[in-house]
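Notes follow the structure.
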Amino acid sequence: MPKQIDYAALFTKRKDGRYQAVIPGSPPKYLYDRDPRLLYDKVEAAKNPVPTLFKDVAEQWHDHHWEKIRAGTQVCYQPSFERAIDECGNSPLVDVTAGDINKVILGLKDDGKSMKTVSTQRTVFKLIFDYAILQGYTKYNPALSVSIPHGLPKSRREAPEDDVIETIRKNIDKYFGLFPMFLLYTGFRRSEALAIKWGDIDFENETITCSKALEYSGGGRPREKEPKTKAGARAVPLLSDLKSVLKRPKSVKNDEYVFPGKNGVAMPDSAFRRHWEHYCKDSGLTTVTRETRKNKKGKDYQVDIFTPTITPHQLRHAYATILYEAGIDELTAKELLGHADIATTRAIYTHLRQKKRGKANAALNEHFAANYTPLA
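Structure, rendered in structure tokens:
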């Protein structure tokens, strides 16, 4: 029969009746309990602590901070958050090193991911470890030692081609067809356009004033907020083509949305996505893929998946392109687009100039090839 442990003899009994144990360290850690057996268990647990996993801390960060992040930023962060857990989730937090994070970053580079995707991944790691430091899980942030690789492609949403713009102009009568026309002729962000009310449109002076934007919280519920930047509060011209199709109903009030959701409230995110997909499908602005699925009886059936080939933000880029082609100067374009600084507008204009120069080079090469004998 194994000898029973005299738990009380292992510890010092205090005057208040509790037993005390000391875990060596700097500083030493003191544990107490009135039951020496329970105190023994506490000591063993302290000697062999269960490591806190990266995924547990990452999910805590998500729970505490997600609602504080803008809805658009949440969309950008979510893939990086999930990727961080997939790669490092089951490792103890304190064992995740700069090398581990760098391995994820280099893997994204090998996959051809853009500068923005890679930078966002590092940012999410940094935010999680910042939270971990504040909560006492670790003392340093390994993401700070990780650099962004050189030579990453810069993602850029290109403006739609002229044939797509003409499709938008000719399909105003389609379901939700006025909305893409509205974006094309104002350059508003989607969130800004959905917050426009009839009182914001001055038909007499031909201006549209943007002073708000919609933000989507958990569950895609909308609420009004200030525009993305201070410069986002602005007035843009109500152009003739848009004015001719933007008809204000006689009974509408100034505080009613131009593009409302059900019962006149601000449009939820899910409703907008349905409207946009419906419009793109009706207008031929989709790609179609066929998927095989199983029904409840386990039999295969096929379904066509329609994916829009254009986004609302591309129409904002189309507006910027039109400003450039119309000879609008950079400062005026900055004000009309609601950019926070001139550098953003200048970068767009520079890209458009380079694109135009590239087309000119190609045209010249074609001309020489068609009219002269090649030298080589």
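Just so we're aligned, residue 1 is where the sequence shown starts under UniProt numbering, counting upward by one.
No residue lacks a Cβ here, since even glycine has one placed at the ideal position from N, Cα and C.
**Request:** Specify the secondary structure class of V288 as computed by DSSP and reduced to three states.
**Result:** Residue 288 sits at position 288 when you count from the first residue of the sequence shown. DSSP places V288 in strand when its eight states are reduced to three.
**Prompt:** Which value, in whole angstroms, describes the spacing of the CA atoms of E277 and F306?
**Reply:** Here residue 277 corresponds to residue number 277 of the sequence shown, with the count starting at 1. Here residue 306 corresponds to residue number 306 of the sequence shown, with the count starting at 1. Between E277 and F306, the C-alpha separation is close to 8 Å.
**Message:** Within a Cβ cutoff of 8 Å, which residues of the same chain sit near G264, ignoring the five residues on either side of it in sequence?
**Reply:** Within the sequence shown, numbered from 1, the residue matching residue 264 stands at position 264. For G264, where only same-chain residues beyond five positions count, the Cβ hits under 8 Å are E256 and Y257.
**Asked** Is it right to say G187 is buried, meaning 16 or more other beta carbons lie within 10 angstroms of its own, or is it exposed?
**Response** Taking the first residue of the sequence shown as position 1, residue 187 is located at position 187. Buried, by the Cβ-count rule.
**Expected contact under 8 Å - CB spacing of R346 and E335 to nearest Å** = Walking along the sequence shown from the start, residue 346 turns up at place 346. Walking along the sequence shown from the start, residue 335 turns up at place 335. R346 to E335, Cβ: 13 Å. No contact.
**Request:** For residue 410, collect the residues of the same chain with a Cβ closer than 6 Å to its Cβ; drop the 5 residues on either side in sequence, then sort them by chain order.
**Result:** Lying before the first or after the last residue shown, residue 410 is absent from the chain, which here runs from 1 to 376.
**Message:** Considering just the uninterrupted stretch of the beta strand (DSSP E) at K29, what are its terminal residues?
**Reply:** Taking the first residue of the sequence shown as 1, we reach residue 29 at position 29. First-last of the beta strand (DSSP E) with K29: K29 to D33.
**Request:** Since I believe W61 is in contact with Y137 (beta carbons under 8 Å), could you give me their beta-carbon distance rounded to a whole number of angstroms?
**Result:** Counting from 1 along the sequence shown, the entry for residue 137 is found at position 137. Counting from 1 along the sequence shown, the entry for residue 61 is found at position 61. Not quite, the Cβ-Cβ distance comes to about 10 Å (not below 8 Å), so this is no contact.
**Request:** Decide if N141 is buried, meaning its Cβ has at least 16 other Cβ atoms within 10 Å, or exposed.
**Result:** By one-based count along the sequence shown, residue 141 stands at place 141. It is buried - the Cβ of N141 has at least 16 other Cβ atoms within 10 Å.
**Asked** How about I23 and A46: do their beta carbons lie closer than 7 Å?
**Response** The residue you call residue 23 lines up with position 23 of the sequence shown. The residue you call residue 46 lines up with position 46 of the sequence shown. Yes, they are a contact pair.
**Request:** Sort V118, T344, R37 and K296 by Cα distance to K13 and report the nearest one.
**Result:** Residue 13 sits at position 13 when you count from the first residue of the sequence shown. Of the listed residues, the one whose Cα sits closest to K13 is R37.
**Item:** contact_flag[the region 50-59, the region 80-93] where n(CB pairs < 8 Å) is 3 or more
**Value:** yes
**Asked** Where does R273 fall in DSSP's three states?
**Response** Here residue 273 corresponds to residue number 273 of the sequence shown, with the count starting at 1. Note: R273 maps to helix in three-state DSSP.
**Asked** Three or more beta-carbon pairs under 8 Å between the region 158-171 and the region 311-319, yes or no?
**Response** yes
**Message:** Give the list of continuous beta strand (DSSP E) stretches no shorter than 3 residues that lie fully inside the region 219-261.
**Reply:** When DSSP assignments are scanned along the region 219-261, the uninterrupted stretches of beta strand (DSSP E) that are 3 or more residues long and fall wholly within it turn out to be 222-225 and 234-237.
**Item:** Cutoff 7 Å; reference E206; Cβ partners in own chain excluding five residues on either side
**Value:** Taking the first residue of the sequence shown as position 1, residue 206 is located at position 206. P237, L238 and K243, listed in sequence order.
**Message:** Measuring only the C-alpha atoms, how far is H367 from L375?
**Reply:** Residue 367 sits at position 367 when you count from the first residue of the sequence shown. Residue 375 sits at position 375 when you count from the first residue of the sequence shown. Cα to Cα, the separation comes out at about 14 Å.
**Asked** Nearest to Q302 by alpha carbon, out of T311, G17, V288 and P312?
**Response** Here the question's residue 302 lines up with position 302 in the sequence shown. Residue V288 is the option with its Cα nearest to Q302.
**Residue(s) in a DSSP beta bridge with Y301** = Here residue 301 refers to the residue found at position 301 of the sequence shown. Here Y301 is bridged, per DSSP, to R293.
**Asked** If you draw a straight line from the alpha carbon of W66 to that of Q74, how long is it in whole angstroms?
**Response** Position 66 of the sequence shown, counted from the first residue, corresponds to residue 66. Position 74 of the sequence shown, counted from the first residue, corresponds to residue 74. Roughly 7 Å separates the two Cα atoms.
**Message:** Measuring only the C-alpha atoms, how far is E44 from K3?
**Reply:** In the sequence shown, residue 44 corresponds to position 44, counting from 1. In the sequence shown, residue 3 corresponds to position 3, counting from 1. Straight-line Cα distance between these residues: approximately 19 Å.
**Message:** I need the boundaries of the alpha helix (DSSP H) containing V265, first residue and last residue.
**Reply:** As a first step, residue 265 must be located in the sequence shown, where it is residue number 265. From DSSP, V265 is part of no alpha helix (DSSP H); its letter is neither H nor E.
**Request:** With a floor of 3 residues, list each beta strand (DSSP E) that falls wholly inside the region 171-200, ordered by position along the chain.
**Result:** none
**Asked** For the candidate residues V94, R122, V96 and D95, whose alpha-carbon lies nearest to that of G107?
**Response** In the sequence shown, counting from the first residue as 1, residue 107 sits at position 107. When each option's Cα is compared against that of G107, the closest is R122.
**Cβ-based neighbour list, V124, same chain, cut-off 7 Å, excluding 5 preceding and 5 following** = Counted from its first residue, the sequence shown places residue 124 at position 124. Same-chain partners within the cutoff: Y77, S80, F81 and A84.
**Prompt:** Leaving out the 5 sequence neighbours to the left and right, which residues in its chain are closer than 7 Å to K197 when beta-carbon positions are compared?
**Reply:** As a working mapping, residue 197 is identified with position 197 in the sequence shown. Taken in chain order, the residues that qualify are N254, D255, E256, Y257 and V258.
**Request:** Can you say whether R190 is buried or exposed, counting buried as having 16 or more other CB atoms within 10 angstroms of its CB?
**Result:** Working through the sequence shown from its first residue, we reach residue 190 at position 190. Buried, because 16 or more other Cβ atoms sit within 10 Å of the Cβ of R190.
**Prompt:** Helix, strand or coil: how does DSSP classify A340 here?
**Reply:** Your numbering for residue 340 matches position 340 in the sequence shown. In the displayed model, A340 falls within coil according to three-state DSSP, outside both helix and strand.
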